Amino acid sequence: MLDIRLIREKPDVVREALARRKEHAPLDELIRADIRRRELLTQTEGLQAERKRVSKQVPRIKDQAERQQLIEEMRGVGDRIAELNRELVEAEEQVSRLLLEMPNLPDPQVPDGEDDSDNVLVRQSGEPRELDFEAKPHWELGEALGIINFEQGQRISGSRFYVLHGDGSRLQRALASWMLDLHRRQGYQEVTVPYMVRRETLRASAHLPDFENTMYELVGEDFWLIPTSESPLTSLHAGEILSAGDLPRQYTSYSANFRREQISAGRDVRGIKRGHQFDKVEMYHFTLPEDSEAALDRLTAHAEETCHLLGLTWRTVERCTGDLGFKNRRGYDVEVWSPGVREWLEVSSTSNVGDFQARRAQVRFKREAGARTEFAHTLNGTGLGMPRTMIAVLENYQQPDGSVVIPEALRPYMGGQQRMESG
RNA sequence: GGAGGAGUCGCAUAGUGGUCUAGUGCGGCCGCCUGCUAAGCGGUUUCGGUGGGUAACCGCCGACGAGGGUUCGAAUCCCUCCUCCUCCGCCA
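Convert by adding 36 to the 1-based position in the first sequence; the result is the number in the working numbering.
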């Protein structure tokens with residue numbers, strides 16, 4: 037959420053920043069609604085002050101007629117207040133609705149662009165690796181090894197579901213455990229969060245109202261399945277006023293995630309790249325406002341390190357204004373090369389959200405006792421999504437005989453096992 | 001799912017229609033006193049909105065779990081919801 041005062045006082049600055057995005061932003065409508073709201077507020081408060089003052093005198097007045105007279109008058113004032121208040125509530129609802137629809141302002145350093153083809157390469161760890169035999173895609177490897185069963189997934193839940201068996205299931209568990217331990221060493225606190233959250237939690241993380249049709253809502257109750265643990269992590273400190281010493285806070289969380297992915301029918305249909313349910317390790321930071329820029333670099337480095345330690349070829353692109361995303365100020369995508377599908381797979385997306393989510397979730401802090409409250413900054417980054425990391429591991433570590441060597445980092449998490457073989 | 005109880009300032013509590021401008025204790029902060037510490041003394045202490053001011057700050061309005069209602073006037077009365085506690089039922 038943007039600061040309404042900034043919009044009120046510097047509308048042109050806001051307008052210019054928003055123009056760099058492709059997002060719809062009801063700026064003028066919001067400014068008009070804000071003016072109307074404040075006019076109604078001034079009138080209402082004036083009458084409330086009068087009623088308060090007079091009502092306090094009522095019990096002191098002994099003359100019955102005079103007392104009755106005042107009560108009558110205040111009844112009229114009360115009616116008028118109620119009337120104005122109805123209009124005021126309406127205006128307030130309009131302001132907050134429009135405010136929730138306003139996307140975040142991009143950081144001035146973010147490159148301009150239309151879509152992901154305009155993203156800017158900032159780092160790369162080597163060239164895409166070619167195998168000296170014909171690389172198989174992961175769906176062939178997975179089926180031959182008996183570790184990914186697509187037919188069973190479809191039987192149980194329909195298209196875009198699969199079942200992991202044996203070493204496949206263990207590999208995913210090893211990846212998650214290894215990543216969580218790595219992030220713990222990088223200063224994160226591990227948390228396990230609810231997968232079902234209330235509407236308010238999704239509003240706080242800015243997944244609502246704009247991404248409503250990409251999420252699953254449970255019938256008859258105010259529960260939604262999380263599209264990412266970023267949402268519950270945002271609300272970990274919702275409504276709290278922290279002290280400056282509490283920041284920064286770094287959390288990491290392993291969770292399942294649920295997405296409708298309805299737009300992408302026909303795209304990425306083969307394999308496990310894009311499903312309605314997938315696991316992922318998430319990293320999340322709460323920082324002081326002046327520290328969030330450096331935290332984004334650190335967070336991105338943590339994602340890169342994860343790829344690096346798995347022995348994968350990776351690169352990092354900075355997202356342009358057109359690919360930045362509704363709630364973000366600035367962000368990067370970390371991608372790994374996978375020779376079977378022959379593409380760069382986005383395994384992590386890191387973002388500095390600034391105070392955008394903190395305003396919605398009311399995550400505040402004080403620099404010292406008695407100081408003003410300020411909004412914290414939040415950042416989020418994928419500590420790598422499981423399916424895409426699995427794809428990259430299977431396809432990069434495959435052998436001519438169809439077996440897959442287990443990356444060294446993961447072996448301690450698989451009982452020392454070095455290789456996955458069929459049978 | 002059913003029955004009962006609770007929710008007031010950071011914590012603990014007082015407050016059952018106007019004297020609440022929400023009191024008191026603890027804690028925190030500032031100062032005084034004091035070999036040091038502790039104790040003692042004095043002061044201070046929430047959040048939001050809005051208007052004024054360069055600012056420090058000041059005025060007004062709102063907030064006693066949330067939202068409605070009754071009333072000239074609500075922490076206090078009524079309704080709905082949320083959370084927690086106790087018990088019963090059901091359940092992995």
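All C-beta atoms in this analysis are idealised placements derived from N, C-alpha and C, irrespective of residue type, glycine included. In this text the structure is predicted, and so the values were computed from the model without any measurement.
Just checking, does the region 241–250 make contact with the region 218–225 on the three C-beta pairs under 8 angstroms criterion?
no
Is it true that the CB of THR357 sits closer than 8 angstroms to the CB of PRO142?
Walking along the first sequence from the start, residue 142 turns up at place 106. Walking along the first sequence from the start, residue 357 turns up at place 321. In contact: PRO142 and THR357 (Cβ atoms closer than 8 angstroms).
Count the other C-beta atoms from every protein chain shown that fall within 10 angstroms of the C-beta of LYS363, then say buried if there are 16 or more, exposed otherwise.
Residue 363 sits at position 327 when you count from the first residue of the first sequence. So LYS363 ends up on the buried side.
Taking 8 angstroms as the cut-off, does the region 328–341 touch the region 383–391 (at least 3 CB pairs, one atom from each stretch)?
yes
The beta strand (DSSP E) that contains VAL389, what's its start and end?
Residue 389 sits at position 353 when you count from the first residue of the first sequence. 379–390 is the span of the beta strand (DSSP E), which, as asked, contains VAL389.
Residues of its chain near ASP203, where Cβ-Cβ distance is below 6 angstroms and the 5 sequence neighbours each way are ignored
Taking the first residue of the first sequence as 1, we reach residue 203 at position 167. Taken in chain order, the residues that qualify are ILE183, MET456.
Reduced DSSP category for ALA69 - H, G, I as helix; E, B as strand; rest coil
Locating residue 69 in the first sequence gives position 33, where the first residue counts as 1. Looking at ALA69 - three-state DSSP - the assignment turns out to be helix.
Are there three or more Cβ pairs, one per stretch, closer than 8 angstroms when the region 170–179 is compared with the region 264–280?
no
Distance check for MET232 and GLU341, CA to CA, integer angstroms please.
For the purposes of this step, residue 341 is taken as the residue at position 305 of the first sequence. For the purposes of this step, residue 232 is taken as the residue at position 196 of the first sequence. In a straight line, the C-alpha of GLU341 is about 31 angstroms away from that of MET232.
Cβ atoms of GLN130 and ALA61: under 8 angstroms apart, would you say?
The residue labelled residue 61 in the question sits at position 25 within the first sequence. The residue labelled residue 130 in the question sits at position 94 within the first sequence. It is not a contact, given that the beta carbons lie outside the stated cut-off.
So is the beta-carbon of GLU52 under 7 angstroms away from any non-hydrogen atom of the ligand NAD?
The ligand NAD is absent from the structure shown, which contains no ligand whatsoever.
Would you mind working out which of THR336, VAL377, ARG209, GLY149 sits nearest ASN432, comparing C-alpha positions?
Residue numbering aside, residue 432 sits at position 396 when the first sequence is read from its first letter. Comparing Cα positions, the closest option is VAL377.
Quick test of your reading: THR288 and MET319, contact by CB under 8 angstroms. State the CB separation rounded to the nearest angstrom.
Within the first sequence, numbered from 1, the residue matching residue 288 stands at position 252. Within the first sequence, numbered from 1, the residue matching residue 319 stands at position 283. THR288 to MET319, Cβ: 5 angstroms. Contact.
Please say whether ARG73 and LEU124 have beta carbons closer to each other than 8 angstroms?
If you number the first sequence from 1, residue 124 lands on position 88. If you number the first sequence from 1, residue 73 lands on position 37. Against a cut-off of 8 angstroms, the Cβ pair of ARG73 and LEU124 comes out as a contact.
Cα-Cα separation, HIS344 to ARG396
In the first sequence, counting from the first residue as 1, residue 344 sits at position 308. In the first sequence, counting from the first residue as 1, residue 396 sits at position 360. When rounded, the distance between both Cα atoms is 35 angstroms.
Would ARG424 and ALA412 be called neighbours here (beta carbons separated by less than 8 angstroms)?
Position 388 of the first sequence, counting from 1, holds the residue named residue 424. Position 376 of the first sequence, counting from 1, holds the residue named residue 412. Contact: no.
Taking the C-alpha atoms as reference points, what is the distance between ASP315 and ASN121?
Numbered from its first residue, the first sequence carries residue 315 at position 279. Numbered from its first residue, the first sequence carries residue 121 at position 85. Cα-Cα distance, rounded: 48 angstroms.
Can you have a look at THR462 and say buried or exposed, based on whether 16 or more other CB atoms are within 10 angstroms of its CB?
Absent from the model: residue 462. The displayed extent of the chain is 37 to 459, so no value can be given.
Return yes when the Cβ of MET422 is within less than 8 angstroms of the Cβ of GLN208, no when it is not.
For the purposes of this step, residue 208 is taken as residue 172 along the first sequence, with counting starting at 1. For the purposes of this step, residue 422 is taken as residue 386 along the first sequence, with counting starting at 1. Contact flag set, yes.
Count the other C-beta atoms from every protein chain shown that fall within 10 angstroms of the C-beta of VAL158, then say buried if there are 16 or more, exposed otherwise.
Position 122 of the first sequence, counted from the start, is the residue given in the question as residue 158. Exposed, since its Cβ has fewer than 16 Cβ neighbours within 10 Å.
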